[in-house]
Amino acid sequence: MPDKATLKIGDKTIDLPVVQGSEEEVALDIRHLRAETGAITYDPGYANTGSCKSDITFIDGEKGILRYCGYPIEQLAERSSFLEVCSLLLNGELPNGDELQAFQRSVSRHTMLHEDVNRFYRALPKDAHPMAVCSTVVAALSTFYPHLHDLGSPERTQSAIIRLIAKLPTIAALCFKHSKGQPAIYPDNDLDYSSNFLRMMFATPCESYEPDPVIAKAVDQLLVLHADHEQNCSTSAVRLVGSSRPHLFACIAAGIGALWGPLHGGANQKVIEMLERIEREEGSAAKFVARAKDKGDSARLMGFGHRVYKNYDPRAKILRKTAIEVLDKLGVKSRLLDIGMDLEEVALNDPYFIERKLYPNVDFYSGIIYKAIGIPVPMFTVLFAMGRLPGWIAQWVEMHHQDDFRIGRPRQVYTGPTLRDYVSIEDR
Ligand code: CMC
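Going letter by letter, the sequence shown gives residues 60 to 487 in our numbering.
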């Protein structure tokens, strides 16, 4: 690969250095473009813009490859655990036995919320979307830990990180308890991360709850699969907000807000709503796919398509298999899974989807699993947020250590009115 590209604009010719990643991806360094030519780049949705260099996650969307710090997602999904993956993303290496134990111990020691945070939920409507509640509570948590906002102190930053990873399941479960009007169930630090979350969701003070290992394993795997996905919308939001150097918790609250949308993490809820609607209306997969193709119809095939994957999303491949296995182990017959598989088959054989390279993404099968294991539909995206948390944090940490760190501040091409004089109100 040549080390520079040449750009001719008007009568000016400039050289743009070529930047190459460790997997041989190629980028043009346009940092001096405006200073040298007066021009900027125009790239709505940043589809061709590399906003940073990163050592964390590699995706080859054409081949359907996803790796965290070099490790294939298939191996991590099968053999690792969520907390091990957290440690991997945060440190760049898999922890040894002692390191993992120490990490697990420090996370389990910080799972409880300050009692005043518990009370804070009461100010929020019971029918609020749990993503709104979750983002609000995470932002509010920054007011309890202002002293942890010290980017010059690795110890305080580490303390903030551990507290977030430890408390997000407690915050998430309480979002659900609040919506039901049930009392909070306090964490049980003897349980593993996912079992503890399930217990906080489903136990009540009058009924104990034994987390089913099949369900806890499925939740843990779902968290692993969602743990990072390089510069997606919510991670970019975390980096952009973080670039002005506010409290980590404020950055994560912004990430949760970005994830909530139906084009991003909110798609997992929309997939189930779509499948349930097809079931209710006794519609066929072919009929719905026809609607999704019709540009005059607002319906989209939710859980299909991806900005980066132009092949089967490897996470969807794993989750398809897990959905079948988990439902089988639990003895659950799911009509929604059948409809999902029909939809997939019709879409994958349809020229519209083939031409546009639209395949199932991570959200297509995750909701079917959540539903089968009893997670309430509005909580689906909250589980996505729990999974994505270590990725957001790892990217935030990485950003602050990068030599070329600068506040995020894109340019624009102004298309509004040119200079005109103010007109007094009586003359308008
Ligand atoms: N159903 C029907 N048509 C689609 C779909 C879909 N799900 N996705 C893309 N298309 C069409 C789109 O209309 C466009 O057609 P045309 O070229 O004729 O205008 C073409 O495919 C390219 O799509 P795009 O919207 O330009 O692609 P994008 O990269 O801007 O958007 C996406 C990616 C994920 C937002 C989009 O595929 C989508 O809306 N999918 C459904 C929502 C979804 O499942 N989101 C979860 C994404 S994966 C997990 C995550 O990030 O949280």
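All C-beta atoms, glycine included, are put in the ideal place defined by N, C-alpha and C.
- It is roughly 43 Å from the alpha-carbon of D422 to the alpha-carbon of K67.
- The beta carbons of S303 and I466 sit about 6 Å from each other, so the pair counts as a contact at 8 Å.
- By the neighbour-count criterion, in which 16 or more other beta carbons inside 10 Å mark a residue as buried, G364 falls on the buried side.
- Distance from the CA of P272 to the CA of Y473, rounded to the nearest whole angstrom, comes to 56 Å.
- The C-beta distance from I244 to A262 rounds to 5 Å, short enough to meet the 8 Å contact threshold.
- When beta bridges are read from the DSSP output, K67 appears opposite T72.
- One Cα belongs to G324, the other to W455, and the distance between them is close to 19 Å.
- Proximity of the region 128 to 135 to the region 83 to 95 falls short of the contact definition, fewer than three beta-carbon pairs being nearer than 8 Å.
- With a threshold of 7 Å, the Cβ atom of A351 counts as near the ligand CMC, since some heavy atom of the ligand is closer than that.
- With a 10 Å radius around the Cβ and a threshold of 16 neighbouring Cβ atoms, P270 comes out buried.
- The shortest CA-to-CA distance from E266 to any of I398, S165, Q241 and Q280 is the one to Q241.
- Nearest Cα to S425 within the set Q280, A199, Y481 and R336: Q280.
- From the listed residues H208, D209 and V176, the smallest Cα separation to C193 is found for V176.
- Distance check between E403 and each of S343, F439, T202 and G109 places S343 closest, using alpha-carbon atoms only.
- With fewer than 16 other beta carbons inside 10 angstroms of its own, G156 counts as exposed.
- The residue from L322, L389 and E335 with its alpha-carbon nearest to that of R359 is L322.
- With contacts defined by Cβ atoms closer than 8 Å, G355 and V330 do not form a contacting pair.
- For N291, the CB falls within less than 7 Å of some heavy atom of the ligand CMC.
- Between S139 and R374, the alpha-carbon positions lie close to 15 Å from each other.
- Under the 10 Å beta carbon count, E82 is surrounded by fewer than 16 other beta carbons and is classified as exposed.
- Unbroken alpha helix (DSSP H) runs of no fewer than 4 residues, entirely contained in the region 333 to 400, are found at 344 to 352 and 373 to 389, following chain order.
- DSSP lists T263 as the beta-bridge partner residues of E266.
- DSSP places T116 in the uninterrupted beta strand (DSSP E) bounded by T116 to D119.
- One Cα belongs to L250, the other to F162, and the distance between them is close to 14 Å.
- In chain order, R215 and T216 place their CB closer than 8 Å to the CB of D209, counting only its own chain and leaving out the 5 sequence neighbours on each side.
- Pairing D114 with G151 gives a Cβ-Cβ distance under 8 Å.
- Distance between Y268 and L389, taken at the CA atoms: about 17 Å.
- In the assembly as shown, P184 is an exposed residue. Its beta-carbon has fewer than 16 other beta-carbons within 10 Å.
- The Cβ neighbour count for L478, taken over all protein chains shown within 10 Å, is under 16; the residue is labelled exposed.
- Per DSSP, V196 is not a residue of any beta strand (DSSP E); the alpha helix (DSSP H) it occupies stretches across P189 to L200.
- At least one heavy atom of the ligand CMC lies closer than 7 Å to the C-beta of V421.
- Ranked by Cα distance from L87, the first of P103, L172, G69 and M60 is M60.
- Under the Cβ criterion (8 Å, minimum of three pairs), the region 439 to 457 counts as touching the region 307 to 319.
- In this structure, the C-beta of G324 approaches the ligand CMC to less than 7 Å from one of its heavy atoms.
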